[in-house]
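Take a look at the structure set out below.
Chains as they are written, first to last, in our numbering: chain A, 32 to 449; chain B, 32 to 449.
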């Protein structure tokens with residue numbers, strides 16, 4: 032069998048199994064998730080032995096310490112997957128919810144029923160815990176799932192899938208509902224992305240290169256974000272203490288994540304007093320500041336910003352800083368350099384707050400709060416499967432509801448169209 | 032300039048204009064729509080003169096009478112575009128609606144604000160009235176729109192666009208918000224489908240060939256349906272009179288549309304009494320019946336169905352008829368041959384009605400009603416821009432709301448992530 036045939040058969044199996052999963056009761060789905068949590072604990076030795084094969088290969092290949100760290104299934108990582116399964120079991124089940132029922136002049140009653148999407152494909156890199164987290168969310172939302180992790184985690188991913196599939200079988204559920212693609216060639220991804228008859232949604236998570244590859248090659252709808260270039264705009268009326276808190280939190284609390292702060296915009300009337308204050312705090316936290324000419328005129332020790340620093344996702348202790356004329360100039364900058372991810376204003380001006388909220392196009396727009404809040408857990412969605420800056424279907428963190436859709440249902444009593 | 036460059040410049044213009052349209056008040060948008068209605072009337076002679084060029088070219092090319100009929104901008108067609116604009120102006124504006132506001136444990140208040148998608152591209156065939164109908168819906172939802180009609184309607188479409196753009200200019204709105212692509216080569220479509228930076232959504236409407244071409248070549252999300260293969264299942268307990276009404280309406284009221292009935296499934300216990308009844312009515316209405324062997328055993332005059340008749344979108348007075356063992360067999364048939372468009376059951380069995388509603392995967396699932404009801408107007412959405420069987424974002428008729436998305440908004444008072 033060719034790789035394309037292997038992948039297609041696997042997806043056909045997932046589609047068949049998905050029909051069964053879609054009809055499971057909430058109680059059944061929750062029981063399966065809790066049994067999966069137990070099974071991870073019971074099979075910890077096997078999982079860690081398989082993970083050790085990946086780690087050994089990674090060491091031999093010279094992976095960085097950070098990469099090896101992300102690859103490792105330590106006791107703590109396994110505990111956190113167990114907690115994740117338990118939390119997903121505790122979330123409300125979105126499937127079957129009926130809303131917007133109305134009677135129409137024709138006499139039919141029409142509403143919308145929330146239903147699973149079908150089969151969801153996840154394409155991700157290194158962290159094998161995504162295998163369990165994603166499978167749990169997809170199953171709870173009534174979907175089948177096809178998982179394609181990185182080649183460096185293949186033994187770990189297959190071991191985790193085996194544990195999950197054994198639980199499905201023991202519960203009388205077709206184990207094909209959770210599939211890990213055993214082929215590590217990139218050709219397997221290309222083949223998968225053609226299967227629009229079998230797969231309803233693709234979610235890629237990883238570096239921008241992987242995501243662009245998926246986006247350019249997929250016939251299946253893709254939800255994704257390329258990067259997070261988040262801005263904070265300190266308005267003329269912004270509270271300086273509040274601004275300092277929000278900027279320091281955005282930049283330093285976890286600089287390597289997508290909702291971290293990358294560019295600071297400061298109103299020209301706030302700049303003379305505010306910039307020396309924030310630059311001192313940033314310097315104390317070892318943040319490199321790359322400023323525009325107007326910034327450097329106020330704080331001369333700042334490194335000059337290169338044109339490429341605007342719109343750059345540093346993912347590091349580096350911050351671009353620009354002085355802008357006013358709210359409109361700040362919003363123009365965000366239109367030009369933003370990534371539709373997260374944008375925040377610090378202001379005490381009511382009209383400016385409302386304009387920023389309405390006019391800025393991003394998956395989350397904030398007044399007087401840290402960009403770091405753009406997160407499914409923080410927003411109350413429960414666990415999230417990623418953040419989308421695709422505007423279709425889901426814009427922002429994707430929780431269980433975003434893994435479902437709504438169909439129309441009609442209750443009639445013999446009505447016909449006249 | 033190459034075709035690709037022309038199309039890109041045009042899309043860049045639409046994106047810039049879309050930012051202005053997104054910020055317009057409801058009052059402004061409605062005024063523009065009503066002025067457009069007036070302008071169509073005022074420019075009727077010019078529009079019809081341009082339309083006559085397309086009709087003459089069509090006649091010379093030997094287009095069928097039906098094609099020429101769809102191409103013609105008669106007084107009646109123009110009246111109906113005017114009515115359409117007035118109706119869209121009267122619809123509630125979805126933009127700005129805020130929902131699901133909650134306070135989170137962190138102290139931030141989070142909710143979702145409905146916002147325009149940005150720029151929407153419509154790709155369609157022959158009927159030039161789509162130019163006006165689609166532009167109206169996209170504008171009301173706060174979007175820019177790029178329109179690509181068929182080459183046979185190019186003079187009509189450019190004339191209509193000119194009228195709409197003049198109104199935009201007169202109202203101080205960037206006329207690039209409504210663009211008709213002046214290039215009729217298919218290369219223009221291919222070029223447009225690459226512009227994911229400028230265009231947020233593509234909606235193709237037309238034959239299956241066009242839609243597959245768009246779907247296979249687009250990097251931009253596509254909402255579409257390939258075809259409508261709609262089934263009615265007459266259950267053992269179904270009321271025969273009601274079933275006859277629903278089947279006759281589905282098959283004969285307007286056989287050429289996507290929500291017309293294509294296949295009838297009959298429970299084996301209902302078949303002996305029901306099939307002679309319905310076949311007589313269908314024959315009287317000149318419907319050709321193509322039946323399975325079990326159907327022919329009961330009504331021997333029926334034409335034998337070929338394997339290709341199952342799942343066929345006849346769009347004509349032809350109906351495929353199959354006797355099935357039970358509800359599960361009916362649902363299995365629909366899984367295999369359905370098109371996720373519209374499926375109906377005629378039953379008086381409560382449990383069967385509920386199972387059918389829940390388990391059948393289609394954009395609209397109906398109990399005891401005609402498949403012909405799957406329509407934006409009938410469902411209460413107002414005008415529709417098409418029906419989607421893509422499950423992401425919109426499943427079923429797409430009205431104004433489906434031309435928007437929701438972003439997260441956060442009201443804080445200095446909160447940071449701990």
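Virtual Cβ for every residue (Gly too), placed ideally from N, Cα, C.
Asked: Stretch-stretch touch, CB-based, cutoff 8 Å, three pairs: the stretch 353-369 of chain B with the stretch 211-223 of chain B; Found: no
Asked: Residue from 272/B, 189/B, 183/B and 139/B whose Cα sits closest to the Cα of residue 379/B; Found: 272/B
Asked: 8 Å Cβ cutoff, residue 442/A in contact with chain B; Found: yes
Asked: Residue 155/A to residue 368/A span [Cα, whole Å]; Found: 26 Å
Asked: Residue 106/A versus residue 259/B - alpha carbon distance; Found: 52 Å
Asked: Neighbour-count burial assignment, residue 335/A, 16 or more Cβ in a 10 Å radius; Found: exposed
Asked: Through-space distance from residue 94/A to residue 48/B, alpha-carbon basis; Found: 48 Å
Asked: Beta-carbon separation (whole angstroms), residue 159/A vs residue 188/A, contact threshold 8 Å; Found: 5 Å
Asked: Residue 400/B beta carbon less than 8 Å from that of residue 385/A; Found: no
Asked: Proximity of residue 434/B and residue 151/B at Cβ, strictly below 8 Å; Found: yes
Asked: With 16 other Cβ atoms within 10 Å as the buried cut-off, status of residue 277/A; Found: buried
Asked: Cβ pair count under 8 Å reaching 3, the stretch 185-200 of chain A against the stretch 142-149 of chain A; Found: no
Asked: Test: residue 220/B CB closer than 8 Å to a CB of chain A; Found: no
Asked: Reduced DSSP secondary structure (H/G/I, E/B, other) of residue 409/B; Found: helix
Asked: Limits of the unbroken alpha helix (DSSP H) element including residue 196/A; Found: 185-201
Asked: Backbone secondary structure at residue 400/B - three-state DSSP; Found: strand
Asked: Residue 109/B to residue 46/B span [Cα, whole Å]; Found: 29 Å
Asked: Given residue 119/B as reference, the closest of 58/B, 73/B, 140/B and 133/B once Cα atoms are compared; Found: 58/B
Asked: Cβ pair count under 8 Å reaching 3, the stretch 421-431 of chain A against the stretch 408-419 of chain B; Found: no
Asked: Burial state of residue 359/A (16 or more Cβ within 10 Å); Found: exposed
Asked: Residue nearest to residue 68/A in terms of C-alpha spacing, selected from 112/A, 252/A, 81/A and 179/A; Found: 112/A
Asked: Beta-carbon proximity check, residue 191/B vs residue 38/B, cutoff 8 Å; Found: no
Asked: Straight-line gap, residue 347/B to residue 161/A (C-alpha atoms, nearest Å); Found: 50 Å
Asked: Contacting residues, own chain, Cβ-Cβ under 8 Å from residue 383/B (five flanking each side not counted); Found: 266, 268, 358 and 376
Asked: Short-range partners of chain B found in the stretch 100-128 of chain A, where Cβ spacing is below 8 Å; Found: 127
Asked: Contact set for residue 298/B: own chain, Cβ-Cβ below 7 Å, skip 5 residues either direction; Found: 265, 266, 267, 355 and 357
Asked: Identity of the residue in 230/A, 239/A and 169/A nearest residue 430/A by Cα; Found: 169/A
Asked: Coil, strand or helix - residue 149/B by DSSP; Found: coil
Asked: Every unbroken alpha helix (DSSP H) within the stretch 319-344 of chain A, with a cutoff of 4 residues, ordered by chain; Found: 324-329
Asked: Distance, residue 246/A Cα to residue 239/A Cα; Found: 10 Å
Asked: Inter-residue spacing [alpha-carbon to alpha-carbon] between residue 443/B and residue 389/A; Found: 15 Å
Asked: Inter-residue Cα distance where the pair is residue 254/B and residue 231/B; Found: 11 Å
Asked: Uninterrupted alpha helix (DSSP H) stretches inside the stretch 214-269 of chain B (no shorter than 4 residues); Found: 217-223 and 239-248
Asked: Neighbourhood of residue 181/A by C-beta distance below 6 Å, restricted to the same chain and skipping five residues each side; Found: 156 and 157
Asked: Neighbourhood of residue 61/A by C-beta distance below 6 Å, restricted to the same chain and skipping five residues each side; Found: 120
Asked: Residue 273/A: contacting residues in chain B (beta-carbon distance under 7 Å); Found: 445
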